Every structure is written in C-alpha cells, then in structure tokens.
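Notes follow once the structure below has been shown.
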Amino acid sequence: MAHQGFFQRQAKARRNTGLLVILFLTAVVLITLAVCLVGYFVTRSESSHLAFHDWLLSNHGLMTSAVVVGLIGIGSLVRWIDLAGGGTRVARMVGARLIDPDTRDSDERRLRNIVEEMAIASGVPVPELYVMDRETGINAFVAGYAPGEAVMVVTHGAITQLSRDELQGVIGHEFSHILNGDMRINVRLIALLAGILMIGQIGGFLIRSSFYSSHRSYRSSRDGRGQMAMGAIGLALMIIGYVGVFFGRLIQSAVSRQREMLADASSVQFTRNPDGIGGALYKIGLKGGYLDTTSHASDMNHMCFGESARMKFSSLLASHPPIEERINAIQPGLMARLRSRFRDSRAGEDLRSAGTTPTPPQAAGFADSGPIPYRTTSATETESAQNEKRLSDRVGTVNPQGEAFAIRFLDRLPESFRDQLYTRTGAVQLCYALLVCELTEKQQKTRLELIPEHPVLGAQPEVQMLLIPTIRAAGHGIGFPALELAMPALRKLDPDERKILRANVQKLVAADKKLSLFELAMTSFLWRHLSDGASREVRVRYRNYRQVGPAIQRLLSLLARAGTNNSNDAEALFTRVMSGFSANPDEHLILEKVGMRQLREALMMLNGLSPLLKPAIIDACGDCITHDGKVDPREYELMRLIADQLDCPMPPLTR
832 MAHQGFFQRQ
842 AKARRNTGLL
852 VILFLTAVVL
862 ITLAVCLVGY
872 FVTRSESSHL
882 AFHDWLLSNH
892 GLMTSAVVVG
902 LIGIGSLVRW
912 IDLAGGGTRV
922 ARMVGARLID
932 PDTRDSDERR
942 LRNIVEEMAI
952 ASGVPVPELY
962 VMDRETGINA
972 FVAGYAPGEA
982 VMVVTHGAIT
992 QLSRDELQGV
1002 IGHEFSHILN
1012 GDMRINVRLI
1022 ALLAGILMIG
1032 QIGGFLIRSS
1042 FYSSHRSYRS
1052 SRDGRGQMAM
1062 GAIGLALMII
1072 GYVGVFFGRL
1082 IQSAVSRQRE
1092 MLADASSVQF
1102 TRNPDGIGGA
1112 LYKIGLKGGY
1122 LDTTSHASDM
1132 NHMCFGESAR
1142 MKFSSLLASH
1152 PPIEERINAI
1162 QPGLMARLRS
1172 RFRDSRAGED
1182 LRSAGTTPTP
1192 PQAAGFADSG
1202 PIPYRTTSAT
1212 ETESAQNEKR
1222 LSDRVGTVNP
1232 QGEAFAIRFL
1242 DRLPESFRDQ
1252 LYTRTGAVQL
1262 CYALLVCELT
1272 EKQQKTRLEL
1282 IPEHPVLGAQ
1292 PEVQMLLIPT
1302 IRAAGHGIGF
1312 PALELAMPAL
1322 RKLDPDERKI
1332 LRANVQKLVA
1342 ADKKLSLFEL
1352 AMTSFLWRHL
1362 SDGASREVRV
1372 RYRNYRQVGP
1382 AIQRLLSLLA
1392 RAGTNNSNDA
1402 EALFTRVMSG
1412 FSANPDEHLI
1422 LEKVGMRQLR
1432 EALMMLNGLS
1442 PLLKPAIIDA
1452 CGDCITHDGK
1462 VDPREYELMR
1472 LIADQLDCPM
1482 PPLTR
C-alpha cells in the first residue's frame, strides 16, 4: 500500500473527527439510558408500574434524558470553548512552564536546538516549548490546530534522562503528529471526553455532599432519609460515570493506537536512527511515563508519546500499543539489542548515562552532508526535479538534504546572532534588519528613523550592527529560517506590541513605494502568525475551485508575473495554469497588479479549501516559479510563504 502524502493524511484526520463524533454520540446515548434506568427505579411508585420504555416517554423520562444530554453537552461545550486558544491553553491546563527562548539551562538548550533543527528541515515555525517541571516520567505531546501554531510540551524526566539521540527520536515522533494533522483531533477529543465524564463527576459531588452532611446533626428523620437518598443517587451516578470513563478510554484507544505506530515509523524516517526512538521507548518501559502531578493525565493519554495514566484492562483500553510491540515494529530485533545494551545497568542508576553508545555518522540524526540549499537551480535540474517529484509532494516531508541544511545553517550562525533571535528585542530587530540590510548605511539610518521610539519595538542601531553583517554574509536564503527561529520570541509580544510591530514593518516596506517579493512574503508571514486568532482552527469552507475562483486568479496573476520577464509570457503562463481550475479560460483574466491586502485575503480564502484540493494550488504556483527554467531564492521564499499560509509546511529548497 502506497504511503499516504501530507494532504491525504490531513483529509483523513478531518474524516476521523466525524468518526469521533459518532463514537461520542453513541456514548452519550448509552450514558443517558443508564441514568434514565436509575431515574426509573427512583421515581417508580406502587401506584404506577410503567414499563421502562413507556417511562422513557413520560414527563419524568423525557426530563431526565434532557438533563443528562444537557449536562454532557454543556461540559463538552465549555471545555471546547476553553481550548479554542489552541496548544497554549492545553499546555497551561497541565501546569507546564514556557521555556524562555534564551534559556541558559543546558538541558533546555539541547531540547531547543533539536526542535529548531527539525522545524527548519520541515519548513514550520519553531513551536513554543513548554516543560512540566515536576514530572519525572518520560513523556511529551504536541497540541494546536495548525502546523505553524503548534505547541510542544515535554516532561522534566524526558529532557534530563534521555540522550540526545533518544530525545531527537521523541521530537521526531511529535513532529510527525504535527505534520499528520493529529493535533486537531487530539484537542477536540479532550473536549468531548470532558462531557462524557461529567455525570461521574456530579455523582462524586453528591456523595461528598451526603457524607459531609451526615456528620452534622439531623433536624428530622426526613432530612436523614434525604441525605441517604442523595448519597445513593450519587453512588449510582458515579458508577455510571465509570461507564463514561470506559467509553472515553475506548474512544481514545480507537483513534490513537494506529497513529502512534505511524508516528514511530515517521520518527525513524526523519532521524534515520531507529536506536534513538527505540532507546526512548525502552527507558519508558523501565522508568514509566505517567503524569503524576496533573489531574488531566487521563484526558491527555491519547496525546502523549507514552501512556500518561495508569489504568486497568490496559490491553483493551490503552491508547498506545505495548512498548515491546512498538520497539519491534520500528526494527526487527531492536528490542533484543536494547536489552543487551541496558542489561548491565545497576538498579537505581541514573538513566541519563545509558544509551550513549556512538552511532555511525550516516545513521545518527541529521546527516552532516549534502549540498547547501537556496541556490539557483538550472533548467535541466528543474526539469529533472519536476519529473521526479511534484512540488506538492515536498509538503509535510523531511528529507536528508533538508536535515543537512538545518544542521549546517544553525552551525554557521554566530552565537551572538542566535542569542539575539531568542529575545523579544532581538527578534523584532531581525524583522527590521531583513528589510534594510541591502541598503547603504545612510539609507538604513533614514529608514529606521521612520520607526517611533519604543523600549522593545523601536529601532536599535547597536543590535542592527550585530544582525546585518550576518544576514549579508548568509545571502537571501537566511530570511525564512531566521524568522522561524525568532518566532517563539515574537510570540511573547503582547497583542498591542504585535500590532505596533506590524505597523512598523509596513512603514519600512512602503518607504520606497515598491513591493519586492521578499517584502510581500515576509509581511504576509508575520500577519499570518502574529495576528489575533492565529492559533484558532481554520475550518473547511470550500469544496470546489469555483467557490474560490477570484482568490486563485489573484494568486496565479502574481506568480505568473513573478515567473516571467514580459507581459505576453505572463498572460500565456497564467492562461495555462488557470485552465486547471476553470473550464472557461476567458472567465478569469490576468490582473495587472495584486496588492498586499488582496494577496492576504486570497490566501485566507484558499486556506479554507478542503485539504485534497490544495495540492493543485501548490503545483500551479510551482509551475509559475519554474517556468523560466530556474528557481531563485526569492521565488522559493514566496512559494514557501504561500504554502505556509495554506498550512502546508514546505521544507527548504535543496536541489
């Protein structure tokens, strides 16, 4: 069976949401019937002996059913709204601490470096990183609604007890969830489980209330009987609540097990080191990955790298396959090799020192080989690349060349330059520096004077002097990777500061009354990731190209003119690529000019397309930028911008 591509996985993840709703409704019906059965015995009297099915249609039955469904619905809706903030809200829910981008902790810096390598190689902004300081178990999860807005949470045990290769294997596993579209359904499942568990929580509250009241003196025997009745009802509801827990676990298991095996395999594909993720899984088997300091461990079970909550009937209800099964699925015989490696470990020995046997260079993590990306490709190379693989096939992948680029890119950045990107001030100055770096010193000074004074957002020449030489030396290809590195620090800006930053960037772009491809790409990137509601889910609104015809017209008009040297060629190219979306080529004519706001509106509309319709958009844009037989860095940065705006992470150009 052929391996599914990024867009097929995204579509499947959205279809799984429908399956999740069906399972949820089934659980609601069964829980409602169970509660109604309790109500039937409580309300039945000697003068009324209705059969259960008749009682369900009586006032008592209908009222009981309505109350149960209402409580479950309210419980799910409240949590659904609460989690609308995306991955950041989930991280805070479990008490995780945001890792400062410029942290000095060696373990946190190692984690950040691994995540940066994987993010640059896969073409997504660096996720926000959180750590659960009090958790000694080995575990991790990602949360969010889109690849560009992901949040990654790891336990303290994971970053202190795993070797670099093992931690890299875990990060590769989590990046697979980011690229496979698993995050969205994981967050939704938390909300649905909250409603299912509501009845059991109410039962527990009634039992506690009755026990508390029983320690007080009764004013009458009627009060005593009332307390006992409340306790009995609470006990019954609590038992029914366990039915809800059972169905919740069953749903978690149904949607999670297969995805975990796929993520394990993807981790090996990303890192090319089966011993890395295998060693991490083996240590979980020794140490455990349970989350003991949060009351949400059960809610998070389906999201985590390993089981986060203890349970009975684990063979049936576990969200993850058994550890040994996962390890052997990664590579036959790997379990025996790991046992041999760890067999001499003494009881109580610090696991951090285990599993550090050197691995061959060609198998260990990111290979330090391959060409430097972001160079102009020749016509022959471009044609060969097109025949080998469509541009849309690159989306959501990590290849050896991209990995090599990521490690080389980070190694060649001066430490002082990287340190600046990890601070709010330095990240802001990077945005300004990328826009003025090609100007003379006098022109730079004139442009930066347009920016109002501000302690963080104002222009700071001393910081610019640190950034601009490195940007010039690195060439055009530094733009997007540097912005991706700076994104965690930029996200620390409050909403008002983000608005001021966007306004300042707009002033620099408009100063020369011209709009370059890079300026267009950069401003759109910042608007997409720093605007209000950037972390919220983008819903599928359009299921055919006719509904988004004007948006396609704007986008391809811009790309056709960018990929040709004269208007005649541009019109011919536009007509050719547009014919794939419209039966009547004369229906949409090439536009003379496409402004920044028009492009943003077009990309926002196209992001609402069904996932399976997006590859044709990506490939049509690819046809435009390869039309002249070469792809220069600026064109590819624009291509990456378009893919980013459509939530389609694209790795660096490596041909």
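Be aware that the sequence shown starts at 832, since it is given in the working numbering, and climbs by one per residue.
For each residue, glycine too, the CB sits at the ideal point set by N, CA and C.
The structure displayed is predicted, hence computed values, not measured ones.
*Does DSSP put F972 in a helix, a strand or coil?*
strand
*Does DSSP put Y1121 in a helix, a strand or coil?*
coil
*Ranges of the alpha helix (DSSP H) found wholly within the region 1303-1345, counting only runs of at least 4*: 1310-1321, 1326-1341
*Thinking just about the alpha-carbon of each residue, which of M1409, I853, A1305 is nearest to the one in Y1376?*
M1409
*Thinking C-alpha only, which one of V925, L914, D1343 is nearest S1129?*
V925
_Measuring only the C-alpha atoms, how far is M1481 from E939?_
26 Å
*Sort out for me which residues DSSP pairs R1168 with in a bridge.*
In the DSSP output, where bridge partners are listed per residue, R1168 has none listed.
*With distances taken Cα to Cα, identify the nearest neighbour of A1365 among G917, L1279, L908.*
G917
_Pick from V1462, A1341, T1406, S1223 that is closest to A1474, judged by C-alpha positions_ = S1223
*Alpha carbon to alpha carbon, what distance is there between K1323 and Q1083?*
33 Å
_Proximity winner among V1379, G1310, G1394, relative to L1357 (alpha-carbon distances)_ = G1310
*What are the start and end residues of the alpha helix (DSSP H) that includes M963?*
Careful: M963 lies outside any alpha helix (DSSP H), inside the beta strand (DSSP E) at 959-963.
*Measuring CB to CB, does V1074 end up less than 9 Å from L851?*
no
*Verify whether the separation of the beta carbon atoms of I1021 and A981 is less than 9 Å.*
no
*Ordered list of alpha helix (DSSP H) runs contained in the region 1245-1289, each at least 4 residues*: 1246-1252, 1255-1267, 1272-1279
*From F1078, L1169, S1126, pick the residue whose C-alpha is nearest to that of I1108; which is it?*
L1169
*Do I903 and I862 come within 9 Å of each other at the CB atom, strictly closer than that value?*
yes
*asked:* Which same chain residues end up closer than 7 Å to V946 when comparing Cβ atoms and leaving out the 5 residues on each side of it in sequence?
replied: V957, P958, L960, M983, I1002
*Does the pairing of the region 1415-1424 with the region 1445-1455 give three or more beta-carbon distances under 8 Å?*
no
*When we look at the beta-carbon of M1014 and count the other beta-carbons within 10 Å, is it buried (16 or more) or exposed?*
buried
*If you check the beta carbons only, do I905 and G1026 fall under 9 Å apart?*
yes
*Terminal residues of the beta strand (DSSP E) in which T986 lies*: 982-986
_R928 - DSSP class collapsed to helix/strand/coil_ = strand
*Stretch-stretch touch, CB-based, cutoff 8 Å, three pairs: the region 1268-1283 with the region 1234-1243*: no
*Test item: CB-CB of N1335 and P1381 under 9 Å*: no
*Integer-rounded CB distance, given that L1316 should sit under 8 Å from L1252*: 5 Å
*Comparing alpha-carbon positions, which option in L1279, R941, E1155, G1031 lies nearest H987?*
R941
*If you drop the 5 nearest sequence neighbours on each side, which residues of the same chain put their C-beta closer than 6 Å to that of V873?*
none
*Look at Q989 and A922 and say whether their C-beta atoms are less than 9 Å apart.*
Looking at the sequence shown, residue 989 is not Gln but Ala. No, they are not a contact pair.
*asked:* To test your reading of the DSSP string, which unbroken alpha helix (DSSP H) runs of 4 or more residues are found completely within the region 1010-1036?
replied: 1013-1027
_For F855, count the other beta carbons within 10 Å of its own beta carbon; 16 or more makes it buried, fewer makes it exposed. Which is it?_
buried
*asked:* Let's test the definition: count the other Cβ atoms within 10 Å of the Cβ of R846 and tell me whether it reaches 16, buried, or not, exposed.
replied: exposed
*G1257 classed as buried or exposed, judged by whether at least 16 other C-beta atoms fall within 10 angstroms*: buried
*asked:* Within 10 Å of its beta-carbon, does P978 have 16 or more other beta-carbons around it, so buried, or fewer, so exposed?
replied: buried
*Three-state secondary structure (DSSP) at L1357?*
helix
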